[in-house]
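These protein sequence lines are chains A and B, in that order.
The first sequence stops at residue 148 when you use our numbering, and every number in between is there.
The second sequence stops at residue 101 when you use our numbering, and every number in between is there.
Ideal placement from N, C-alpha and C gives every residue a C-beta, glycine not left out.
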Amino acid sequence: DTGVSQDPRHKITKRGQNVTFRCDPISEHNRLYWYRQTLGQGPEFLTYFQNEAQLEKSRLLSDRFSAERPKGSFSTLEIQRTEQGDSAMYLCASSRPGTGVTEAFFGQGTRLTVV
Amino acid sequence: QKEVEQDPGPLSVPEGAIVSLNCTYSNSAFQYFMWYRQYSRKGPELLMYTYSSGNKEDGRFTAQVDKSSKYISLFIRDSQPSDSATYLCAMSRVGSNDMRFGAGTRLTVKP
């Protein structure tokens, strides 16, 4: 058990470019969550997967954002046409079957800087 | 008014002191209350969670929930320099995956 793994750890991109982040949850964790954290603030919920199904999305997840979890394993979060306001830490978390987000383990995050 | 309010600090204490961290909230539907520790440039680490009201103790950490006052606390006994981090409170409704976080309190424990 190596914990939740996120890649890349850091990403610098120019405004208007597309970026994709990857999250590998703890093995056998079927629940996966994406959160976003801006500087000096707590994380904010983006979306939730149970296995491969995306069951919950926040209104923060605009149509420029898309998340997938093919085959219920790793997940990707894509941001199209990035804006400076997208600069943040993107956090992935996972939890075991039968548990909720209250028992989720977070990864180290992907820090995105849009210039 | 934010749904979850947390004093950002910073809070600086000497080693061995008792630390008290607090959050207030406005949504009476919250039933799960969590405390996370976050080191610089790292992801949040769950310290403990409490369901509904009451106290919960885990080693040097004690969490308290007072739902009547919409007020939660985390106490750290015998604080250590390694406790220096940002502490985030979070809460959620039953059946929700949307945890609402406070902004975090930055704590420094000086040797």
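Measuring C-alpha to C-alpha distances from S18 (chain B) to each of B:S82, B:S69, B:F91 identifies B:S82 as the nearest. In this chain, E136 (chain A) is not harboured by any beta strand (DSSP E), its DSSP state being neither H nor E. When beta bridges are read from the DSSP output, K44 (chain A) appears opposite A:L145. What V134 (chain A) touches in chain B, judged by beta-carbon distance under 7 Å, is S82, N87, M89, going in chain order.
In this structure, the alpha-carbon of T109 (chain A) lies about 35 Å from that of F51 (chain B). Going by C-alpha positions, K104 (chain A) is about 11 Å away from F82 (chain A). K32 (chain B) belongs to the set of residues whose beta carbon lies under 8 Å from a beta carbon in chain A. Here G92 (chain B) is not near Q(-9) (chain B), since their CB atoms are 8 Å or more apart. For the 8 Å CB-CB criterion, Q39 (chain A) and T143 (chain A) form a contact. Look at D48 (chain B) here: in three-state DSSP terms it is strand. For the region 67 to 98 of chain A, the set of positions with a beta-carbon nearer than 7 Å to some beta-carbon of chain B reads G73, Q74, G75, P76, F78, Y81, E89, S91 in chain order. The alpha-carbon separation between G44 (chain B) and Y15 (chain B) amounts to approximately 16 Å.
With respect to chain B, the C-beta atom of G142 (chain A) has a partner C-beta closer than 8 Å.
Against chain A, the CB of L78 (chain B) has a partner CB under 8 Å away; the residue lies at that interface.
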